[in-house]
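Heads up: the sequence shown runs through residues 148 to 556, numbered per the numbering used here.
Here is the structure we will look at, set down as structure tokens.
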Amino acid sequence: MSAPDVPSRANAGDAAEVFRVFLRLGLSSFGGPIAHLGYFREEFVRRRGWLDDAAFAHLLSICQFLPGPASSQLGFAIGLLRAGWRGALAAFLAFTLPSALLMFGFALYAPQFLHGPMGTAVIHGLKLVAVVVVSHGLLGMARSLTPDLLRVAIAVGASALVLLGGDAGWQFVAILGGGLVGALLCRPAAFDRAATLPLRYGRRLAGVCFVVFLSALACSLIPSGAAPSLRGLAGAFYRAGSFVFGGGHVVLPLLKDEVVVAGWIGTDAFLAGYGAAQAMPGPMFTLAAYLGASVDLGLPPWLGAGVALASIFLPGFLLLTAALPAWSALVSRPWAARSVAGINAAVVGLLAAALYDPVWREGVTGLADAVIVAVGWLLVWRLRLSAVWALAWCVGAAVAGSLPIGPLA
């Protein structure tokens with residue numbers, strides 16, 4: 148795939164630069180997968196200009212289509228476009244390692260980390276950060292990707308479908324519906340060719356990745372016995388990563404079936420890890436590091452953590468690598484360009500639905516929370532400060548409000 152159709156800035160970076168940027172995000176991106184999209188847009192579209200909104204939504208659309216952790220896949224793709232395969236690996240490692248190490252440490256040393264009023268207040272503050280970041284990202288994307296009434300209608304329809312459906316599978320239906328309506332009704336000029344992806348590999352490698360994905364999935368379905376083993380652990384987490392659509396919280400019931408129902412880990416330990424994952428920056432899939440370290444394999448805990456972590460991320464990355472070349476070729480065709488315009492509008496609707504449920508509903512419980520969110524929103528929107536400032540404000544205000552003498556108590 149040649150690069151003349153894309154801005155030269157898209158492939159002007161190096162792996163060290165990618166690692167530094169994603170490490171900062173890996174240390175500060177609280178709020179779960181939906182919030183990560185807001186962080187990514189703020190960092191790579193508004194602040195650094197590595198992508199424009201069309202290219203960002205282009206990548207997000209395909210990541211939403213595929214099983215796996217959408218925010219991590221998006222980061223992997225951004226690193227790939229910026230600095231090649233080293234950039235993709237750097238993005239994954241930098242974004243994932245902070246929370247993976249924290250979850251591994253939690254498995255070993257801190258089973259009571261989230262208990263107590265202070266821990267509860269910190270978690271609540273992180274939920275308010277998610278409200279600020281997601282609402283900020285949503286407004287910016289809506290301005291670019293829903294410029295006419297048709298695409299506004301697609302976004303509203305997608306949002307209503309997801310909210311009324313209540314199941315993660317409806318996200319997939321909403322994106323397909325947006326693509327179909329866009330292909331039929333959107334104007335041919337709705338998609339900008341400048342958003343075509345500057346890939347550094349072709350369909351041959353994409354085909355190899357798809358074959359590897361299918362082969363590994365077939366191997367993971369071979370029974371490994373009731374007792375936990377390294378091969379069984381790898382298979383369980385590979386299956387979870389292969390079959391989860393929506394990422395984030397959606398992977399939890401799959402993992403529970405794999406490790407709790409199988410008797411490898413107790414329900415209390417599983418729920419403790421789930422609670423800890425809510426307080427961690429970076430991808431929620433790093434819960435796998437906690438679970439892998441907690442399963443008694445008779446081996447060093449770090450080995451179980453590493454195998455579980457690699458196994459749950461691998462299928463999503465293989466599928467993304469396999470799909471990107473065909474996706475890039477399609478968007479140069481008028482009908483596909485119209486379809487992508489509809490998909491982009493549907494993505495805006497999905498973000499709006501997620502902003503309401505669960506981000507707003509789980510985060511904002513009263514007037515004090517609404518005030519905290521409003522101030523945080525002013526920090527990033529009006530004052531154009533980094534999301535780190537909103538993080539510090541929301542967590543600090545939530546902790547202060549939990550104290551008997553706090554101003555918001």
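Quick reminder that beta carbons are idealized off the backbone N, C-alpha and C, glycines included.
Assigned secondary structure, residue i (DSSP; H/G/I helix, E/B strand, else coil)
i: MET427; result: coil
i: TRP528; result: helix
i: LEU550; result: coil
i: ILE369; result: coil
i: TRP536; result: helix
i: TYR348; result: coil
i: ARG480; result: coil
i: GLN220; result: helix
i: ASP339; result: Low per-residue confidence applies at ASP339: pLDDT is 47, beneath 50, and the placement is therefore not dependable, though the value from the model is reported in the following sentence. Looking at ASP339 - three-state DSSP - the assignment turns out to be coil, as it is neither helix nor strand.
i: THR293; result: coil
i: LEU555; result: Caution is warranted here: a pLDDT of 49 is assigned to LEU555, below 50, making its placement in the model unreliable, and no coordinate value can be reported.
i: PHE177; result: coil
i: ILE459; result: helix
i: LEU446; result: coil
i: PRO375; result: coil
i: ALA305; result: helix
i: ALA157; result: Its pLDDT being 43, under 50, ALA157 is placed unreliably by the model, and the measurement read from it follows with that caveat. ALA157 falls in the helix class under three-state DSSP.
i: ASP516; result: helix
i: ALA409; result: coil
i: ARG195; result: coil
i: PRO472; result: helix
i: SER386; result: First, the residue type needs correcting, since residue 386 is Arg and not Ser in the sequence shown. Residue state, collapsed to three classes: helix.
i: ARG233; result: helix
i: GLY215; result: coil
i: VAL328; result: helix
i: VAL358; result: helix
i: CYS333; result: coil
i: VAL279; result: helix
i: GLY263; result: coil
i: VAL487; result: helix
i: VAL522; result: helix
i: VAL391; result: coil
i: VAL495; result: helix
Residue i classed as buried or exposed, judged by whether at least 16 other C-beta atoms fall within 10 angstroms
i: TYR186; result: buried
i: TYR503; result: exposed
i: PHE338; result: A caution first: PHE338 carries a pLDDT of 46, below 50, which makes its placement in the model unreliable, though a value can still be read off. By the 10 Å Cβ count, PHE338 comes out buried.
i: GLY263; result: exposed
i: PRO375; result: buried
i: MET265; result: exposed
i: TRP474; result: buried
i: GLY372; result: exposed
i: TYR256; result: exposed
i: PRO551; result: exposed
i: CYS333; result: buried
i: PRO447; result: exposed
i: ALA556; result: At ALA556, the pLDDT of 45 sits below 50, so the modelled position is not reliable; the number obtained from the coordinates is stated separately. Counting Cβ neighbours within 10 Å, ALA556 comes out exposed, since fewer than 16 surround it.
i: SER362; result: exposed
i: TRP449; result: exposed
i: ALA182; result: buried
i: LEU514; result: exposed
i: THR293; result: buried
i: GLY324; result: buried
i: TRP482; result: exposed
Anticipated Cβ contact below 8 Å, residue i with residue j, distance rounded
i: LEU275; j: VAL520; result: 6 Å
i: LEU380; j: VAL391; result: That pair is no contact at about 17 Å.
i: PRO216; j: PRO370; result: Rounded, the Cβ-Cβ distance is 26 Å, inconsistent with contact.
i: ILE322; j: SER208; result: 7 Å
i: ASP200; j: MET288; result: 6 Å
i: LEU498; j: VAL281; result: 7 Å
i: ALA470; j: PHE360; result: Not quite, the Cβ-Cβ distance comes to about 10 Å (not below 8 Å), so this is no contact.
i: VAL355; j: GLY510; result: Not a contact, Cβ separation roughly 43 Å.
i: ALA463; j: GLY388; result: Correcting the residue type first, residue 463 is Gly in the shown sequence and not Ala. Sure, about 6 Å apart at Cβ, within 8 Å.
i: GLY329; j: ALA500; result: The Cβ separation is near 18 Å, so there is no contact.
i: ALA537; j: GLY523; result: 4 Å
i: ALA230; j: ASP161; result: 5 Å
i: GLY272; j: LEU184; result: The pair is not a contact, with the Cβ atoms about 20 Å apart (cut-off 8 Å).
i: VAL165; j: ALA237; result: 5 Å
Residue i at chain C interface by Cβ criterion, 9 Å
i: ALA469; result: This model lacks chain C altogether; it includes just one protein chain.
Quiz item: Can at least three beta-carbon pairs, one atom from the region 445-458 and one from the region 342-357, be found at a separation below 8 Å?
Solution: Taking 8 Å as the limit for Cβ pairs, the verdict is that the region 342-357 does not touch the region 445-458.
Self-check item: Segment contact flag, the region 536-543 with the region 216-232, C-beta cutoff 8 Å, min 3 pairs
Solution: They do not touch, by the three-pair rule.
Quiz prompt | Three or more C-beta pairs below 8 Å linking the region 299-314 and the region 522-533 | solution = These segments do not touch.
Quiz prompt | Inter-stretch contact (C-beta, 8 Å, three-pair minimum) for the region 407-426 and the region 437-444 | solution = Touching, per the Cβ criterion.
Quiz item: Pairing CB atoms from the region 196-213 with CB atoms from the region 479-499, are three or more of them under 8 Å?
Solution: By the criterion of at least three beta-carbon pairs nearer than 8 Å, the region 196-213 is in contact with the region 479-499.
Quiz item: Are the region 240-250 and the region 158-177 touching, with three or more C-beta to C-beta distances below 8 Å?
Solution: Yes, the region 240-250 touches the region 158-177.
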